[in-house]
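One structure is given below, encoded as structure tokens.
2 protein chains.
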Amino acid sequence: MAAEVHVPGSREECLARDAADPLRDVVARFHKPPGIIYLDGNSLGAMPRGVAARLGDVVEREWGHDLITSWNKAGWFDLPVTLGDRIGALIGAAPGQTVVTDTTSINIYKCLHAALSLNPGRTVIVSEAQSFPTDLYMIEGVVATTGAQCLLWNRREAIESMLDDSVAAVLLSEVDYRTGALIDAEAVTRKVHEAGALMIWDLCHSAGVLDVALDRIGADFAVGCTYKYLNGGPGAPAFLYAAERHHEGARQPLTGWWGHARPFAFERDFAPASGIRKFLCGTQPILSLAGVAAGLDAMVGVAVSDLRRKSQALTGLFMAHVDALLGPAAEIATPREPDRRGSQVSLKFGEGYAVMQAMISKGVIGDFRAPDIMRFGFSPLYTTYTEVWDAAGILSECIESEPWREVRFTRRAAVT
Amino acid sequence: MAAEVHVPGSREECLARDAADPLRDVVARFHKPPGIIYLDGNSLGAMPRGVAARLGDVVEREWGHDLITSWNKAGWFDLPVTLGDRIGALIGAAPGQTVVTDTTSINIYKCLHAALSLNPGRTVIVSEAQSFPTDLYMIEGVVATTGAQCLLWNRREAIESMLDDSVAAVLLSEVDYRTGALIDAEAVTRKVHEAGALMIWDLCHSAGVLDVALDRIGADFAVGCTYKYLNGGPGAPAFLYAAERHHEGARQPLTGWWGHARPFAFERDFAPASGIRKFLCGTQPILSLAGVAAGLDAMVGVAVSDLRRKSQALTGLFMAHVDALLGPAAEIATPREPDRRGSQVSLKFGEGYAVMQAMISKGVIGDFRAPDIMRFGFSPLYTTYTEVWDAAGILSECIESEPWREVRFTRRAAVT
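These protein sequences, in sequence, are chains R and E.
The opening position of the first sequence corresponds to residue 0 in numbering that gives the first Met the number 0, with each subsequent residue numbered one higher.
The opening position of the second sequence corresponds to residue 0 in numbering that gives the first Met the number 0, with each subsequent residue numbered one higher.
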């Protein structure tokens with residue numbers, strides 16, 4: 000997938016690479032606070048410059064002036080599906096299979112119930128102990144109120160070891176949120192299907208940055224958030240993908256009026272909508288959906304393959320420069336092979352929390368995940384090679400200048 | 000509750016009443032499109048003038064500049080509880096019992112499950128066929144995945160006729176969304192408790208306009224939306240109230256990470272938060288929550304009792320003037336007694352859809368609910384007596400000028 004590319008060996012080379020970057024004009028679509036190198040777009044994406052104007056229009060004209068007529072005239076009622084299709088285009092989903100709605104957690108709940116309803120007689124949900132915790136918590140919620148059970152896979156084992164004819168569904172994150180390790184979604188989906196189970200992908204750390212191909216690999220369901228690499232704004236509503244072949248049969252219990260076949264007939268009995276809308280529930284937060292629209296607008300004309308290529312180059316550069324500065328003592332938890340990682344680089348470091356605070360005070364923003372992971376996310380839309388070079392330098396400085404380096408690190412002579 | 004007040008008998012009297020209105024300065028806090036009389040605030044509240052500035056600040060400074068630090072620094076993470084407490088003050092709930100989160104539909108689902116968990120051995124949920132449909136649909140979702148059953152009450156019968164020791168919970172709307180009829184929440188709650196069941200109130204058409212007293216009447220749970228009389232903006236997140244005495248025992252299956260006791264410890268197993276936060280699930284839409292904050296800001300210094308008094312006066316004026324113009328032929332479906340109605344007036348009229356379209360073309364915006372209900376909502380925050388007078392006149396004109404009047408209405412001579 001990724002061609003071997005030359006890794007810049009100097010700041011000058013990084014500047015040249017930025018000047019030649021096919022995405023260089025896209026960087027300007029985002030607001031970047033002066034003096035900040037923002038490497039936390041895997042937690043909250045940066046603000047597209049167009050968002051304030053768009054929200055102003057939604058508020059002043061659509062809400063303030065046009066009032067309730069905007070449910071139709073401004074397309075508010077259809078936003079979950081129109082935005083869903085735009086995200087679908089980024090994750091390899093043909094139209095009509097993706098909605099933007101609710102939260103990742105709630106969408107996981109819907110998908111788990113849907114998968115159980117499609118696989119009657121099977122009761123086991125397989126997931127991974129290293130999943131982002133809310134995935135596991137939502138499984139617990141399903142387990143507590145149904146006859147389902149949960150088994151946790153350790154990915155050092157083959158996935159097949161978990162799969163028998165009791166397994167209804169497998170829920171996994173394509174990218175490990177701690178280490179950035181990427182799973183082979185196509186191979187796993189195939190094995191899950193061979194065992195007669197359904198595959199639910201959590202794409203929180205994939206959408207907008209990986210070449211996801213849900214239809215092609217035959218995924219059954221997927222969820223993900225829009226506020227990371229899709230830059231939809233803080234807590235922006237999540238997305239849910241359901242393969243068309245499951246639309247008729249799937250049942251999920253969050254059967255609110257937005258999932259009704261005829262919501263404005265105000266009928267007494269629930270009748271599910273026929274397509275992807277059956278995964279909608281209640282009235283959706285339009286202002287936050289406008290943020291999702293602004294985030295997608297900032298990606299117009301950008302090919303996911305270009306994002307993936309730049310993302311691999313940025314993460315590769317960061318690792319190479321950290322290696323050069325800190326040597327083997329820097330314990331990089333992220334796979335070195337470009338095709339086995341997402342768009343982040345993680346370092347395991349016992350004092351990582353303190354180091355991250357020191358970096359933030361010097362203008363480099365990453366984050367820390369307990370117990371010992373420093374995470375750096377690289378959004379290829381707005382991160383430059385030069386920033387990555389500088390960030391590695393500041394990471395090195397922060398580690399070198401602190402007392403714990405004496406015990407934990409052997410400094411390289413050249414750096415002193 | 001409502002003192003008998005003189006109903007204005009002329010447009011001049013309405014102008015005088017507006018000039019003397021203790022809420023007259025509050026009207027200016029809202030944007031009202033020129034030439035429009037907006038009587039649909041029971042569907043989507045009007046836009047507070049402060050919202051664009053507030054959202055601009057949230058976007059440009061909190062998101063754009065401060066980025067992830069705003070989760071703490073700007074209080075994003077606590078918004079569900081800080082906004083919840085502000086709404087709590089409007090619905091008679093002491094702090095720590097209300098959150099703003101998700102949708103009314105999803106919050107109903109949580110409350111139903113919580114009530115069932117608190118009442119083991121009881122399996123019946125009682126509701127009303129005339130409920131807003133999503134309430135019934137969410138009950139269906141619970142029924143489909145648990146051992147619960149649903150029984151529908153007809154409010155012409157005594158509620159006691161529905162209550163026995165199989166009933167776990169009763170879910171009712173305080174205000175009927177079609178007719179505006181108000182139920183005696185205190186008396187119903189008492190009877191439900193006498194039967195050992197728990198009471199869940201849907202306050203969608205109550206919050207911000209009725210003197211709700213959840214703690215005093217001993218309600219167990221309540222839900223409601225923020226985009227009607229609370230003016231939080233299109234699809235703004237809903238609220239959920241849970242009486243403190245239930246916090247420890249209640250269980251609900253939407254156990255996402257925002258409901259965890261230690262969300263940022265990223266633990267593998269779910270441990271519910273100890274207070275009202277256990278009713279949170281996933282990451283919340285901050286831009287839409289900022290709309291809720293702006294809506295509440297527009298109510299600062301306003302006493303709910305003043306809102307209720309003006310609301311009763313506005314609805315009374317509308318009915319009186321419609322009566323005067325159209326006579327007994329106008330079939331008003333809303334109770335005449337001020338204490339038995341919410342803040343809307345509904346007319347039953349077979350051709351109501353066409354009449355409403357005609358009114359909208361003349362600048363009076365109400366709405367229509369199938370099969371034959373014309374609804375007019377009166378937000379006392381921004382609706383004037385003069386607008387109500389004029390709206391009744393335009394309603395009369397639209398009915399009088401259309402062909403169906405010949406068959407359906409006997410015009411009063413004075414109006415011709």
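Note that CB positions come from ideal geometry on N, CA and C, so glycine has one too.
Exercise. Using a beta-carbon distance below 8 Å, is proline 233 of chain E in contact with chain R?
Worked result: Yes, because at least one Cβ of chain R sits closer than 8 Å to the Cβ of proline 233 of chain E.
Exercise. For histidine 5 of chain R, is the classification buried or exposed, using 16 other Cβ atoms within 10 angstroms of its Cβ as the cut-off for buried?
Worked result: exposed
For this session: For alanine 319 of chain E, return the contacting residues in chain R, with the cut-off set at a CB-CB distance below 7 Å.
Result: Simply none; closest approach about 26 Å.
Exercise. What does valine 50 of chain R touch in chain E if you count any residue whose Cβ is under 7 Å from its own?
Worked result: Val58
Exercise. Going by Cα to Cα distance, which pick from R:Lys109, R:Pro233, R:Asp210 is closest to leucine 286 of chain E?
Worked result: R:Pro233
Problem set entry | Beta-bridge pairing of glutamate 336 of chain E - partner residues as DSSP gives them | DSSP output for glutamate 336 of chain E lists no bridge partner at all.
Exercise. Any idea what DSSP makes of threonine 383 of chain E, helix, strand or coil?
Worked result: Coil, per DSSP.
Exercise. Which residues in chain E sit within 9 Å of methionine 198 of chain R, going by Cβ to Cβ distance?
Worked result: None at all; the shortest Cβ gap to chain E is about 21 Å.
For this session: Please decide whether serine 417 of chain E counts as near chain R, where near means a Cβ-Cβ distance under 8 Å.
Result: Here chain E covers residues 0 to 415 and nothing more, so residue 417 of chain E does not appear.
Problem set entry | Coil, strand or helix - valine 414 of chain R by DSSP | Because the pLDDT at valine 414 of chain R is just 32, under 50, the model does not fix this residue reliably, and the point stays unresolved.
Exercise. Below 8 Å, can you find three or more Cβ-Cβ pairs linking the region 88-95 of chain R to the region 115-122 of chain R?
Worked result: Per the Cβ contact rule, the region 88-95 of chain R is not in contact with the region 115-122 of chain R (fewer than 3 Cβ pairs under 8 Å).
Problem set entry | Interface positions of the region 376-402 of chain E facing chain R (Cβ-Cβ less than 9 Å), listed along the chain | Of all residues in the region 376-402 of chain E, none places a beta-carbon less than 9 Å from a beta-carbon of chain R.
Exercise. If alanine 218 of chain E sits next to alanine 242 of chain E, beta carbons under 8 Å apart, how far is it from one beta carbon to the other, in whole angstroms?
Worked result: 7 Å
Problem set entry | Proximal residues, the region 212-244 of chain R versus chain E, C-beta separation under 8 Å | Cys224, Tyr226, Gly232, Pro233, Gly234, Ala235, Pro236, Ala237
Problem set entry | Presumed contact (8 Å Cβ cut-off) between threonine 208 of chain E and proline 379 of chain E, rounded CB distance | Just to set this straight, residue 208 of chain E is valine in the shown sequence, not threonine. Their Cβ separation, rounded to whole angstroms, is 7 Å, which keeps valine 208 of chain E and proline 379 of chain E in contact under 8 Å.
For this session: Output, in chain order, the set of chain R residues within a Cβ distance shorter than 8 Å of lysine 174 of chain E.
Result: Looking at the sequence provided, one finds valine at residue 174 of chain E rather than lysine. Those within 8 Å of valine 174 of chain E in chain R number zero; the least Cβ separation is about 16 Å.
Exercise. What's the call for glutamate 127 of chain E, buried or exposed, on a 16-neighbour Cβ count within 10 Å?
Worked result: buried
Exercise. Hey, is cysteine 110 of chain R's beta-carbon within less than 8 Å of any beta-carbon in chain E?
Worked result: no
Problem set entry | Neighbour list for cysteine 149 of chain E in chain R, Cβ cutoff strictly below 7 Å | Within 7 Å Cβ-Cβ: nothing; cysteine 149 of chain E doesn't reach chain R, min ~11 Å.
Problem set entry | tyrosine 108 of chain R beta carbon less than 8 Å from that of leucine 253 of chain E | yes
Exercise. Whose Cβ in chain E lies nearer than 8 Å to the Cβ of glutamine 283 of chain R?
Worked result: Thr102, Gly234
For this session: Would you kindly report the start and end of the unbroken alpha helix (DSSP H) that includes methionine 373 of chain E?
Result: Element bounds for methionine 373 of chain E: not the alpha helix (DSSP H) but the beta strand (DSSP E), 372-376.
Exercise. Any C-beta of chain R sitting closer than 8 Å to the C-beta of glutamate 12 of chain E?
Worked result: no
For this session: Give every residue of the same chain whose Cβ lies closer than 7 Å to the Cβ of alanine 212 of chain E, excluding the five residues on either side of it in the sequence, and list them in chain order.
Result: Gly91
Problem set entry | DSSP three-state assignment for glutamate 350 of chain E, whether helix, strand or coil | coil
Exercise. Does glutamate 330 of chain E get closer than 8 Å to chain R when you measure Cβ to Cβ?
Worked result: no
Exercise. Counting Cβ pairs, one atom from each stretch, are 3 or more of them under 8 Å apart for the region 273-285 of chain E and the region 308-318 of chain E?
Worked result: no
Exercise. Going by DSSP, what residues sit across from methionine 198 of chain R in a beta bridge?
Worked result: R:Val169
For this session: Give me the Cα-Cα distance between serine 342 of chain R and threonine 188 of chain R, rounded to the nearest whole angstrom.
Result: 22 Å
Problem set entry | Within the region 212-244 of chain R, ranges of the alpha helix (DSSP H) (whole runs, at least 4 residues) | 213-216
Problem set entry | Through-space distance from tyrosine 381 of chain R to arginine 18 of chain R, alpha-carbon basis | According to the sequence shown, residue 18 of chain R is alanine rather than arginine. Spanning the two alpha carbons is a distance of roughly 13 Å.
For this session: Could you please give me the residues that DSSP links to cysteine 149 of chain E through a beta bridge?
Result: E:Ile124
Problem set entry | Opening and closing residue of the alpha helix (DSSP H) in which valine 291 of chain E lies | 285-296
For this session: Name the two residues that bound the continuous beta strand (DSSP E) containing phenylalanine 367 of chain R.
Result: 366-368
Exercise. Among E:Gln129, E:Val166, E:Trp152, E:Asn153, which has the Cα closest to the Cα of threonine 146 of chain E?
Worked result: A small fix is needed here, since residue 146 of chain E is glycine in this sequence, not threonine. Among E:Gln129, E:Val166, E:Trp152, E:Asn153, the Cα nearest to that of glycine 146 of chain E is on E:Val166.
For this session: Out of E:Arg23, E:Ala114, E:Tyr136, E:Arg155, state which residue places its alpha-carbon closest to the alpha-carbon of glycine 300 of chain E.
Result: E:Arg23
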